[in-house]
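In what follows, a single structure is set out as structure tokens and then discussed.
Residue numbers (full-length UniProt numbering), protein chains in the order written: chain A, 1 to 323; chain B, 1 to 323.
As structure tokens, this is what we get:
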């Protein structure tokens, strides 16, 4: 499988320039005419020349590698964030190193030491919860995604959960629903508390806190039906799917009698639900892209500070609109 | 956040040796006494010294970085495989670079060029399908995980799907079930075809091929009920969940009247199903660990050849055993 590797001198010979000129042309340095740069690039493309990233790393003092440090072993949240990060970084020819800390502080410390020793250019820190987290202690540019750093001097990109939850209420009220109730996850989870608080003013009952499970959605449905709601907003798609299942089993029509909304736009739940769920998409790929862009700016010496909140997006489907 | 970095000369001073001796002690090279090595290591630990991985890379000609190239954007299969790969590599202080090709051959080519330029030590190739795939063309050690390479000279680690599917039949027959039927995904998917073939001899009806969806599980249930099965084995947990839902809606008891098995042990489906599913766990973390171990051996100059099949594991739950 070995193939002979093309060297910069081969490219220079084909382009009719010196190796030094070829190197400048490919690295976008030095004073060269556009025409010379173009000729060298064509020669490099023709020969399939791949510049030695290690040489570039040495001469620039950079490794062109960024780490994504995540506590989300399931990948539910970190995979779309990673796609966004990778989108931006790979366009800039940076590699993304993945480090899954599995929510273990010792593992996190050990990764951070290895990343510093390795000389990565920067780190994106993410996880599966939205609770602000203590900053990591490294002499490198860092951006926090999904969960903000508790240090306001750090750069964080998070989802505007309150606005996302409020959008479900505006949507339901626009459909004429007035007796709205809310079923969500554990009250001590920031994502549950924030979503519940954002919808509280519109509710006809107290929010019901429980678990992030379909089972809880089914159980809570029985509890809230006594209040005769015409809409149930849920803190997650899993809960909403459970609500829809239970309502169907009770012979209650969704959305004619009771409209239902989820949260997350997790396809395996939101689309498999009967009916498919109106829900809130966290736009996690966007979040990853923004975090990576901020990190690139920090690496270039222009760090941002503070928390940037990105909008979530209401996605409407049959659970509120009907077939 | 910058902190002063500790240098090898600081470690040497504290240990009372020369910088050269300290370097040899930390790199496990040279002729030094155990005692000297231990003293240098203690000094390094005391000062929080992190050796410069780039220096090590230069002197060894290695980057201590391995790439995981995946076509599985959802992460359903690649996340557990990645955890396994990372387990083995991070224990050896290698970093895992993630490259998500999104099933796009151009993107794959572009990643491979970048990885070669970067000088990664090796590549693990994985994806979301089990169909053998054409080998990648790089002058580096490569191991294929989940989907084998079509080149028998390459090293591949895959799941023994036929044995996994056969285990569900043995289990059902052990429970006295005799009229077994099979519902699965598209016939042109290797994972569907192989699982169907492995159970064919035990079936009372032809396998039903369709989609990897809950909806297909519900629809197919109506089709197979005419044959009065006492067990339905499914090619995926999603299909099995749909089967259980439809049977419950028809008032048929699972497993008393009809036992149901899934495939994949995907928690969000297998555990949320009513009842929870007896299913086959692909042990993807193990797969990742084995692939990474084979890659390390290849990097050390001892490449393996051919396809290694790892066993899947039957996981029994209420859908066959009852409450």
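Note that CB positions come from ideal geometry on N, CA and C, so glycine has one too.
Entirely enclosed beta strand (DSSP E) segments - the segment 261-317 of chain B, minimum 3 residues: 279-281, 306-311 and 313-315
Residue nearest to residue 314 of chain B in terms of C-alpha spacing, selected from B:299, B:262, B:285 and B:269: When B:299, B:262, B:285 and B:269 are compared, the shortest CA-CA separation from residue 314 of chain B is found for B:262.
Neighbouring residues, chain B, relative to residue 75 of chain A (Cβ below 7 angstroms): 75 and 79
Whether residue 82 of chain A touches residue 98 of chain B by CB criterion (8 angstroms): Result yes, Cβ atoms of residue 82 of chain A and residue 98 of chain B sit closer than 8 angstroms.
Of the residues B:277, B:65, B:38 and B:8, the one placed nearest residue 235 of chain B, counting alpha carbons only: B:277
Beta-carbon spacing of residue 25 of chain A, residue 19 of chain A below 8 angstroms: Contact: no.
Pairwise C-alpha distance: residue 150 of chain A and residue 133 of chain A: 6 angstroms
C-beta atoms of residue 116 of chain B and residue 89 of chain B nearer than 8 angstroms: no
CB contact below 8 angstroms: residue 69 of chain A versus chain B: No, residue 69 of chain A lies away from the interface with chain B (no Cβ there is under 8 angstroms from its Cβ).
Residue burial classification, residue 201 of chain B (beta-carbon count within 10 angstroms, cutoff 16): exposed
Residue 218 of chain B and residue 246 of chain B closer than 8 angstroms at C-beta: yes
Exposure label - residue 170 of chain A; buried when at least 16 CB within 10 Å: Residue 170 of chain A is exposed by the Cβ-count criterion.
Chain B residues whose Cβ lies nearer than 7 angstroms to that of residue 93 of chain A: 114
Which of helix, strand or coil DSSP assigns to residue 215 of chain A: helix
Residues bridged to residue 18 of chain B (per DSSP): DSSP lists no partner for residue 18 of chain B.
Residues near residue 290 of chain B by beta carbon distance below 6 angstroms, same chain, minus five either side: 157
Beta carbon of residue 87 of chain B nearer than 8 angstroms to that of residue 309 of chain B: Going by C-beta atoms, residue 87 of chain B is not nearer than 8 angstroms to residue 309 of chain B.
Under 7 angstroms from the C-beta of residue 272 of chain A: neighbouring residues of chain B: 214
According to DSSP, residues forming a beta bridge with residue 41 of chain B: Partner(s): none; residue 41 of chain B has no beta bridge.
DSSP beta-bridge partners of residue 259 of chain A: A:231
Under the three-state DSSP convention, the category residue 112 of chain B falls into: Helix at residue 112 of chain B.
Own chain, CB closer than 7 angstroms to residue 92 of chain A, minus 5 neighbours either side, in chain order: 296
In chain order, each alpha helix (DSSP H) run of at least 4 residues that lies wholly inside the segment 58-144 of chain A: 78-91 and 105-118
Chain A contact residues for residue 246 of chain B, given Cβ-Cβ distances below 8 angstroms: Neighbours of residue 246 of chain B in chain A, taken as residues whose beta carbon is under 8 angstroms from its own, are absent, since the nearest beta carbon is some 11 angstroms off.
Beta-carbon separation (whole angstroms), residue 84 of chain B vs residue 284 of chain B, contact threshold 8 angstroms: 7 angstroms
Minimum Cβ-Cβ distance from residue 126 of chain B to chain A less than 8 angstroms: no
Which listed residue (B:124, B:181 and B:184) has its alpha carbon closest to that of residue 287 of chain B: B:124
Straight-line gap, residue 46 of chain A to residue 139 of chain A (C-alpha atoms, nearest Å): 41 angstroms
Close-in-space but distant-in-sequence residues of the same chain around residue 265 of chain B (CB under 6 angstroms, 5 per side omitted): 279, 281 and 315
The segment 70-79 of chain A / the segment 33-41 of chain A touching (three or more Cβ pairs under 8 angstroms): no
Cβ-based contacts, 7 angstroms cut-off: residues of the segment 94-112 of chain A near chain B: 95, 96, 97, 98 and 100
Test: residue 83 of chain B CB closer than 8 angstroms to a CB of chain A: yes
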